[in-house]
Amino acid sequence: MALIAACACAAIMWIEGPSWARWVLGGVAVVLAACLALAALIGPAARYLAGERAPLTDVERTEMTAAERVEAVNSARHTLVQAVTGLVVIGGVVFTALGLWYTAQTLNTTQQGQITDRYTKAVEQLGSTKSDVRLGGIYALQRLAFDSTHDRDSIRNVLSAFVRNHDGCTLQPGEKTPPKRCSNGNGPPSAPLVR
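Take the sequence shown: its position 135, counting from 1, is numbered 135 in full-length UniProt numbering, and each next residue is one higher.
The structure is reproduced here in structure tokens:
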């Protein structure tokens, strides 16, 4: 049985080929191991638990009737089958839990990819020459900061750099005073930085 389990592990981990073939080979090995274990439990193990430590001698056969021997073996078989059923249920619960964990990891990876895509598109919008597209990029980054607490600092830094570089209030070489529009607060929107 240990050899079959080792073959199943080798099939899943080390054998080259398509992933479905590895899982099929591993599944077949697990089914074979389960069948052998069940045969051992129903046959020799049940007799052992029923008190038959070695093949019965003639004296022992006369002490127990055939019905008593069959009843003892069947009782042991029922106990073993119930134990195996319990182990299968526990294995199913573990398998389901691992499946749920894997699904959660996949969902998290997908969400992170979507956030990265949204972030990239919003930053690209900030680089547009059209003011309405830039404004859309600012609000997209604001929404992204609301959705992803992990990225808030990065978004704040990007928006701060955008405001610094595009505010129109920075003195250009040769200018002595900032442009007029800076004094009345009509620069680019910086509300997402405050929120």
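Note that the Cβ used here is the ideal one computed from N, Cα and C, for glycine as well.
Treat the numbers as computed from the prediction; the structure is a model and nothing was measured.
Anticipated Cβ contact below 8 Å, residue i with residue j, distance rounded
i: Phe162; j: Leu126; result: 5 Å
i: Leu144; j: Ile115; result: 7 Å
i: Tyr119; j: Asp151; result: 7 Å
Run of the alpha helix (DSSP H) containing residue i, from where it starts to where it stops
i: Lys121; result: Ala66 to Leu126
i: Ser160; result: Arg152 to His166
i: Ile42; result: Element bounds for Ile42: n/a, residue is neither H nor E.
i: Ser131; result: Ser131 to Asp147
Same chain, Cβ closer than 8 Å to residue i, neighbours up to 5 away in sequence not counted
i: Leu158; result: Sequence check: residue 158 is Val here, not Leu. So the list reads Val123, Leu126 and Leu141, once near-sequence residues are dropped.
i: Thr103; result: none
Beta-carbon contacts of residue i that lie in its chain and below 7 Å, excluding the five residues immediately before and after
i: Met64; result: none
i: Ser148; result: Ile115
i: Asp117; result: none
Contacts around residue i, its chain only, beta-carbon distance under 6 Å, and the 5 residues preceding and following it disregarded
i: Arg156; result: none
i: Arg134; result: Leu126 and Ser128
i: Gly185; result: Bear in mind that the predicted position of Gly185 carries a pLDDT of just 47, short of 50, making it unreliable; the figure below should be weighed with that in mind. Contacts found: none.
Cβ-Cβ distance between residue i and residue j below 8 Å
i: Leu38; j: Val84; result: yes
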